[in-house]
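Written below as structure tokens is the structure these notes are about.
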Ligand SMILES: [Fe+2]
Ligand SMILES: [Fe+2]
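Here it is, written out as structure tokens:
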């Protein structure tokens with residue numbers, strides 16, 4: 239091999255840590271934008287359905303949880319700037335095409351939410367969002383960067399949201415398919431939690447009022 243070719247190959251080889259950190263930072267930034275859009279959508283629902291106090295409080299809580307995800311990702315971004323571990327590379331990555339798809343989806347939801355909107359449609363959007371990879375990416379990032387206890391806390395918070403979502407659908411919607419979808423999402427997270435070596439596993443939907 240000529241010297242020129244060797245030099246070219248050496249130049250092309252990426253700095254693993256820097257490249258990995260930059261790639262992960264792009265994922266975090268994209269996830270933050272998606273979380274922010276999800277939070278703003280739930281804020282719209284909070285005012286749209288504000289006449290029923292129970293629904294207003296529910297959508298407010300959903301928005302609040304998205305704001306916490308946004309904050310957790312901001313913390314992750316701060317940590318990434320200071321430290322890098324090879325294990326971070328195993329974090330599930332949101333492919334750019336998927337990010338674009340989710341961004342378009344959220345913008346479409348926002349456009350819908352700016353017009354007349356039924357509560358069933360709002361629930362359907364929430365089920366679709368909560369089942370998207372956005373939440374999975376947040377959970378994976380927290381696991382890689384903040385450890386098992388933070389990860390478990392985030393899964394439990396998501397399960398709480400899904401339990402409440404199912405409860406609200408059951409109470410305010412007549413669509414059995416929506417409820418079944420919300421239940422399947424909750425079961426998926428319960429399975430995720432059970433696959434971890436945890437001691438306490440008290441899970442489930444909020445008690446009926
Ligand atoms: Fe979220
Ligand atoms: Fe969420």
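Numbering (this note's numbering), first residue to last: 239 to 447.
Every residue gets a Cβ at the ideal spot worked out from N, C-alpha and C, and that includes glycine.
Keep in mind the model is a prediction, meaning the values are calculated, not measured.
Excluding five sequence neighbours on each side, which residues of the same chain lie with their C-beta closer than 7 Å to the C-beta of residue i?
i	result
residue 407	361, 416, 417 and 420
residue 368	399, 400, 403 and 423
residue 239	For residue 239, the predicted structure reports a pLDDT of 47, less than 50, and the residue's modelled location is therefore unreliable. The matter cannot be settled from this model.
residue 370	340
I'd like the list of long-range same chain contacts for residue i, defined as Cβ closer than 6 Å, with 5 residues on each side in sequence excluded.
i	result
residue 272	340 and 372
residue 392	377 and 380
residue 389	380 and 381
residue 383	314 and 317
residue 338	none
Rounded to whole angstroms, how far is the Cβ of residue i from the Cβ of residue j, which I believe are closer than 8 Å?
i	j	result
residue 318	residue 268	Between residue 268 and residue 318 the Cβ distance is about 14 Å, and since that is not below 8 Å, they are no contact.
residue 314	residue 375	About 10 Å; that fails the 8 Å criterion.
With the cut-off set at 8 Å, would you say residue i and residue j are in Cβ contact?
i	j	result
residue 276	residue 344	yes
residue 308	residue 263	no
residue 304	residue 294	no
residue 348	residue 279	yes
residue 312	residue 363	no
residue 287	residue 357	yes
Note down, in chain order, each residue of its chain lying with its Cβ closer than 8 Å to the Cβ of residue i, except the 5 sequence neighbours on either side.
i	result
residue 352	282
residue 359	350
residue 429	none
May I have the straight-line CA-CA distance separating residue i from residue j, to the nearest angstrom?
i	j	result
residue 446	residue 261	Note that residue 446 scores a pLDDT of 40, beneath 50, so its modelled location is shaky; the value from the coordinates is reported in the next line. Going by the C-alpha atoms only, they are around 45 Å apart.
residue 316	residue 427	27 Å
residue 259	residue 386	21 Å
residue 411	residue 346	22 Å
residue 290	residue 306	25 Å
residue 300	residue 256	35 Å
residue 354	residue 320	46 Å
residue 425	residue 334	28 Å
residue 310	residue 414	34 Å
residue 254	residue 336	24 Å
residue 302	residue 296	10 Å
residue 409	residue 292	10 Å
residue 365	residue 433	23 Å
If you measure from each CB to the nearest heavy atom of ligand 2 and keep those under 7 Å, what residues do you get, in chain order? 276, 300, 303, 304, 307, 367, 368, 373, 396 and 399
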